[in-house]
Amino acid sequence: MASVDLRGLTKRFAALAVVDNVSLRIDHGQLVCLLGPSGCGKTTTLRLIAGFLEPSDGEIHVGDRLVSSKLRTLPPEQRKMSMIFQSYALWPHMTVAENIVYGLRLRKLDRDTIASKLKAILETTKLEILAQRYPGELSGGQQQRVALARALIVEPETLLLDEPLSNLDANLREEMRFEIRRLHDEYRYTTVYVTHDQSEAMTTADLIAVMNGGRIDQLGTPQEIYESPQSEFVARFIGASNVIKATARDQDHIAFAGATLRVTGAKLTPGQTAVVAIRQHDIALALQAPPNPENAVKATVTRQVFLGASRDILVETADGTPLRIVTAPENAVPRGAEVWLTLPPERCRALSR
Amino acid sequence: MKRQTATSMNQPAKVAIKNETSILAHMRKSGARGLATRLDTQPESRAMAMTTIDGTRGRFDWTKPVLWLFAGGLIALVMLPLTWLAVYSVTDKAGHVTLRNFVTLFSNADFLDPLLTTAIIATASAAICCLVAAPMGWLVSRTDMPGRQFIRALVTASFVTPPFLGAVAWELLAAPNSGLLNQLFRVLTGAEADDHLFNIYSLTGIIFVISCYTFPFVFVLVANALDRMPGELEDASAILGGRTWTTARRITIPLALPALVAGSLIAFLQAMTLFGSPAILALPAGFHTMTTKIWSLFQYPPKLELAAAAAVPLLLVTILLLQAQKFILGRRGYSVVGGKYGAPRRVELKKWRWPALAFCLLVLLNPVFLPYGALLNAALSPNATTLVTPATATLHNIVFVFTELSSTQLALKNTVILGTATATIGTVLALVIAYVSTRRVIAGSRLLGFLATAPVAIPGIVLGVGLFLSYTRPPFVLYGTLWILLIAFLTINLPSAYQQLQAAFATIHPELEEASRILGATRLQSLLRITAPLLRTGVIATWCFIFIGVMRELSAAIVLFTSQTKVISVLIYDLNESGDLAAISVLGIAMLAITFAVVLAVNRIPVFGASAGTRLRN
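The listed protein sequences correspond, in order, to chains A and B. Each residue of the first sequence is one higher than the one before, starting from 1 at the first, in my numbering. Each residue of the second sequence is one higher than the one before, starting from 354 at the first, in my numbering.
Here's what the structure looks like:
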């Protein structure tokens, strides 16, 4: 069993903490995505797990082995891991087959075992006819599959993926996401997947750890992360949210643009500034005042764009807050028009951070 | 499913988002259930780290200690001679600290004259190099002149010709009495027997010969800059109404100017630190340059303190000018910016095509055709300074040099031993340093890279002085052995070897090695199975270039050799003293043949491009 357990993991370059006290437990067979913008420390975390970097503080346990600590770091080759690199890192002087069986040769397996394993993995990854080609002769998608095959054939305890799809075109990326998840379900190794693409994370992950500034901002299932963001960062980064800053009236009401909004989520302190997130498509738009005045705000349209399946409208409330709304394409409202917005209370999430 | 990009002001612009349906479609409800995962906030006891690491199986990573050893060796290699140089320059014979050496240096006419002579030679050579190399670089790089590749090849030939060999060849051509050109002049004009057209033993003669073998440095830099300059930059000027010459004046020339200035600085340095050419041409004329003066201070009675002090200005000027060059080439305003560009468009010379080629060939007459002709003539002729005819041609010189001349055997043996050893050790050293500095394996790797390139700023003769001072005393008494020459050649060739291999390493993505390690290979296994095969061509090229570098090195060897440790370059210098020009010609041609063979072989390997700008020295 190879769970991966990060305890207070910290990596400093000079004075800068790129990974800052990260603790995360990944159970055997789980697929966890480290999701965040570039520079958030997700790749550094992955390289710490792989053993390419030594932690400045904290520990990494794999199963019951301590593999990284401030004092000693087990070299990458002794960690029973595999990794897929952003550049694929296929060796240009070896054929596809030679690339794939490299790890098995290191393990000194006999010729027949290697041949049968190679045959099986080539089949799984649909690479049979390319076995004798060199990586330079392959397309991006084929190279990606070779990288995948090379990482999987050694049957690692832990699989690490560093933005594996970022060099592929959009269609192929979509396809490979499901492919990676399918292979994960088939082999059930513990997987850590680094990406900056939230839909990639949503498709593949059991759990998403949203990282920001070297820390894990929020950990949860894709649905939890999407439906109940706990911080302004997560609300903005995951999905399309408007973030409203306003004064709290009481535990669950804020004063916003001349109206009072009821909100859910974190408990508010009266008089303090509250941060509330609401998704673009959760705001209802009407030309007349709605019959139910609760959570209704008046606004002026400043821009509207027809996008085919939807309409993207930018409005401004009386206090000058811009809000972006994604609505049905029939809602054609001209620029400068007065509109009424309804912000459903259950969709207005007060954020704790 | 469709995708839209959020760009409104309350949205991070780079986040690609999907609308609700697609996200819900992507949400995986199955895997989301297993919430055995927890968020630890308290790291557990650190004491565990001491005890429970397993799986190392007693293996110890030897790479780091080995790398530290290399680092230490490198520091000693570079710092020891410089330290002793500095110490000697500020002490007197009795060992007291003094500035007297420098006072002597800058007040005594014996030293001021060489200082002035060196300044004149360096400045004049740099100017001539620019005047000749800039138009040639432009013609070869940006025009439709015929035979451009041929001209490039000829410039490479003059680039790899050891300057001292060129100087000897020009003795054969333009010595006042016996010089072939002067003989021709007398035959053509019927002038008196002691009349002469050229006298190579003069200040102008030295400047001319030095320029012959220094202009390739300017040429390479200018031609490279123009090669890289996209044609669109000129097109943009043309479309805005600039005529051909306006475009050249306002766009092309300003863009090439930094390379030209940098090239002239290199030419200046080369002319300033050269030993062979001035020693061969200035000493008979009865004057000194700084390098020959330093060398003469090693003759009996040796004045080592003064030699050390005289080396200091050369060192400082070199460091200063190399910094200036780096600054000029590094200015951001002059680097070409932005996206993709097409190949440069060539200027059509029309009726000037052939005159342009004639100009280039005329220039190349001086470093290549005439000297090579003179050397061949001397090698085959019974008398070095008579023109050979089919009737008088003889192989006697060749037989004599390789079978009868006693010193040849020893010098050849020493050169082969030193060349092989230096090339092998140097390549390994450069390989390790390049690996450490590109992969940042140990702390302080940048310092290591800096140390490896630092010898560029140490002129050969200065290094020779420093090494002499360091290794004639306990604990390292190496003077009189091949070891001291090995150290000198290693130090001199390290920078270009390091730069070549670093460039080679930079093309190998570090993830290629990491992929190997994560699959179970140790660092050493990864280096052997992944990195080494990918580096092979670069390594072979580097080895060959070091070997050539050893063969042509004279200025450090001249202060470090003893009778038992002569090398070919020193032998050629000695033979020149004794007037045995035919033997020099034979040795020189053999040397050139080896060099051309290697350059031709290596030229097919792309790595050569990286070395073109680095300094070949003598």
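Backbone N, C-alpha and C fix where the C-beta goes; we use that ideal spot for every residue, glycine too.
- Message: Cβ closer than 7 Å: which chain A residues qualify as neighbours of B/GLU658?
- Response: Start at 1 with the first residue of the second sequence, and residue 658 of chain B comes out as number 305. Under the 7 Å cutoff, chain A gives no residues; its nearest Cβ is about 44 Å from B/GLU658.
- Give a yes or no on whether 8 Å exceeds the smallest Cβ distance from A/ALA367 to chain B. An answer regarding residue 367 of chain A cannot be provided, because it is not within the stretch 1 to 353 covered by chain A.
- Item | Supposed contact pair B/ALA620 and B/VAL571 - C-beta distance, whole angstroms, cut 8 Å | Indexing the second sequence from 1 puts residue 571 of chain B at position 218. Indexing the second sequence from 1 puts residue 620 of chain B at position 267. Indeed they touch by this definition, with Cβ atoms about 5 Å apart.
- Taking A/SER354 as the query, report the chain B residues whose CB atoms sit under 7 Å from its CB, ordered along the chain. Given that chain A is displayed from residue 1 to residue 353, the structure contains no residue 354 of chain A and the question cannot be resolved.
- So, is the C-beta of B/PRO666 closer than 8 Å to a C-beta in chain A? Here residue 666 of chain B refers to the residue found at position 313 of the second sequence. Taking Cβ atoms only, chain A never reaches closer than 8 Å to B/PRO666, which makes this a no.
- Query: Between which two residues does the alpha helix (DSSP H) containing A/MET202 stretch?
  - Reply: Taking the first residue of the first sequence as 1, we reach residue 202 of chain A at position 202. Residues 198-204.
- Task: From the DSSP output, in three-state form, read off A/TRP91 for me.
- Result: Counted from its first residue, the first sequence places residue 91 of chain A at position 91. Coil at A/TRP91, not helix or strand.
- Query: Tell me which same chain residues have a C-beta within less than 7 Å of the C-beta of A/LEU430, skipping the five on either side of it?
  - Reply: Only positions 1 to 353 of chain A appear in the structure, and residue 430 of chain A is not among them; the question remains open.
- DSSP state of B/PRO654, grouped into three classes? Counted from its first residue, the second sequence places residue 654 of chain B at position 301. Here B/PRO654 sits in coil by DSSP.
- Item | Residue interval of the alpha helix (DSSP H) (run including A/LEU24) | Within the first sequence, residue 24 of chain A is the residue found at index 24, counting from 1. Per DSSP, A/LEU24 belongs to no alpha helix (DSSP H); it is in the beta strand (DSSP E), 16-26.
- Message: Can you tell me whether A/MET83 is helix, strand or coil according to DSSP?
- Response: On the first sequence, residue 83 of chain A is found 83 positions in, with the first residue counted as 1. It is a strand residue.
- Cβ shell of B/LEU579 (< 7 Å), same chain only, five flanking positions each side left out: The residue given as residue 579 of chain B occupies position 226 in the second sequence. Here the set comprises GLY490, TRP491, SER494, ARG495, ALA609.
- Unbroken alpha helix (DSSP H) run spanning B/GLN852, endpoints: Start at 1 with the first residue of the second sequence, and residue 852 of chain B comes out as number 499. Per DSSP, B/GLN852 belongs to the alpha helix (DSSP H) from 835-859.
- Item | A/ARG12 at chain B interface by Cβ criterion, 8 Å | Here residue 12 of chain A corresponds to residue number 12 of the first sequence, with the count starting at 1. Look at A/ARG12: its C-beta is not under 8 Å from any C-beta on chain B.
- Query: How is B/LYS446 classed by DSSP in three states: helix, strand or coil?
  - Reply: Translated into positions along the second sequence, residue 446 of chain B becomes position 93. In this structure, B/LYS446 counts as coil in the three-state DSSP scheme.
- Query: Where do the N-terminal and C-terminal ends of the beta strand (DSSP E) with A/ALA248 fall, by residue?
  - Reply: Taking the first sequence and counting its residues from 1, the one referred to as residue 248 of chain A is at position 248. Run containing A/ALA248: 241-250, per the beta strand (DSSP E) assignment.
- Query: To which residues of the same chain is B/ASN750 closer than 6 Å at the C-beta, ignoring the five residues directly before and after it?
  - Reply: To locate residue 750 of chain B, count along the second sequence from 1; it is residue 397. Taken in chain order, the residues that qualify are ALA732, ALA935, VAL939.
- Task: Could you check what DSSP says for A/SER310 in three-state terms: helix, strand or coil?
- Result: The residue you call residue 310 of chain A lines up with position 310 of the first sequence. Of the three classes helix, strand and coil, the one that applies to A/SER310 here is coil, per DSSP.
- Query: By Cβ distance below 8 Å, which residues in the same chain neighbour A/GLY29 in space, the five residues on each side in sequence not counted?
  - Reply: As a position in the first sequence, residue 29 of chain A is number 29, starting the count at 1. Contacts found: ARG188, TYR189, THR190.
- Query: Using a C-beta to C-beta distance shorter than 8 Å, which residues of chain B count as neighbours of A/ALA50?
  - Reply: As a position in the first sequence, residue 50 of chain A is number 50, starting the count at 1. Those within 8 Å of A/ALA50 in chain B are GLU867, ILE871.
- Message: Rounding to the nearest angstrom, what Cα-Cα distance links B/ILE911 and B/THR567 in this structure?
- Response: As a working note, residue 911 of chain B is residue 558 in the second sequence. As a working note, residue 567 of chain B is residue 214 in the second sequence. Each residue's CA atom was taken as its position, placing B/ILE911 and B/THR567 some 21 Å apart.
- Item | Whether B/VAL951 touches B/ILE901 by CB criterion (8 Å) | In the second sequence, counting from the first residue as 1, residue 951 of chain B sits at position 598. In the second sequence, counting from the first residue as 1, residue 901 of chain B sits at position 548. Taking 8 Å as the Cβ cut-off, B/VAL951 and B/ILE901 qualify as a contacting pair.
- is_contact[A/ALA89, chain B] using C-beta, thresh 8 Å: Here residue 89 of chain A corresponds to residue number 89 of the first sequence, with the count starting at 1. It does; some Cβ of chain B falls within 8 Å.
- Message: Since B/VAL443 and B/LEU452 should fall inside the 8 Å C-beta cutoff, what is the C-beta to C-beta distance between them, to a whole number of angstroms?
- Response: As a first step, residue 443 of chain B is located in the second sequence; it is residue number 90 there, counting from the start. As a first step, residue 452 of chain B is located in the second sequence; it is residue number 99 there, counting from the start. Yes, B/VAL443 and B/LEU452 are in contact; Cβ-Cβ is about 7 Å, under 8 Å.
- Task: For B/PRO529, I'd like the list of residues in its chain whose CB is within less than 6 Å of its CB, leaving aside the five on either flank, ordered along the chain.
- Result: For the purposes of this step, residue 529 of chain B is taken as residue 176 along the second sequence, with counting starting at 1. Counting only Cβ-Cβ distances below 6 Å, and skipping sequence neighbours, we find HIS549, ASN552.
- Task: Assign B/TYR653 to buried or exposed, taking buried as 16 or more other Cβ atoms, counted over all protein chains shown, within 10 Å of its Cβ.
- Result: If you number the second sequence from 1, residue 653 of chain B lands on position 300. Exposed.
- Within chain A, the residues that B/PRO886 reaches when beta carbons sit closer than 8 Å: Residue 886 of chain B sits at position 533 when you count from the first residue of the second sequence. Under the 8 Å cutoff, chain A gives HIS93.
- Check B/ASP580 in the structure and name its three-state DSSP category. Start at 1 with the first residue of the second sequence, and residue 580 of chain B comes out as number 227. Three-state result, B/ASP580: helix.
- Item | Of the residues B/ILE861, B/PHE503, B/LEU784, B/GLN623, the one placed nearest B/SER478, counting alpha carbons only | For the purposes of this step, residue 478 of chain B is taken as residue 125 along the second sequence, with counting starting at 1. Of B/ILE861, B/PHE503, B/LEU784, B/GLN623, the residue nearest in Cα terms is B/GLN623.
- Task: Please state whether DSSP places A/GLN30 in a helix, a strand or coil.
- Result: For the purposes of this step, residue 30 of chain A is taken as the residue at position 30 of the first sequence. Note: A/GLN30 maps to coil in three-state DSSP.
- Task: Look up A/LYS11 in the DSSP assignment and give the residues it is bridged to.
- Result: Within the first sequence, numbered from 1, the residue matching residue 11 of chain A stands at position 11. Paired residues: A/VAL19.
- Listed by chain order, chain A residues near B/ILE883 by CB distance under 7 Å: Along the second sequence, read from residue 1 onward, the residue named residue 883 of chain B stands at position 530. Neighbours of B/ILE883 on chain A, chain order: TRP91.
- Query: For A/GLN304, which beta-bridge partners are listed by DSSP?
  - Reply: The residue labelled residue 304 of chain A in the question sits at position 304 within the first sequence. According to DSSP, A/GLN304 bridges with A/ILE313.
- Query: Among residues of its own chain, excluding the 5 on either side of B/LEU675, which ones have a beta-carbon nearer than 6 Å to its beta-carbon?
  - Reply: For this step, residue 675 of chain B is matched to residue 322 along the second sequence. These residues qualify, in order along the chain: ALA810.
- Proximity test, Cβ basis, 8 Å: A/TYR189 and chain B: Within the first sequence, numbered from 1, the residue matching residue 189 of chain A stands at position 189. The beta carbon of A/TYR189 sits no closer than 8 Å to any beta carbon of chain B.
- Kindly indicate which residue of B/GLN678, B/TRP598, B/PRO655, B/ALA664 has the alpha-carbon position closest to the one of B/LEU618. Within the second sequence, numbered from 1, the residue matching residue 618 of chain B stands at position 265. When only C-alpha atoms are compared, the closest one is B/GLN678.
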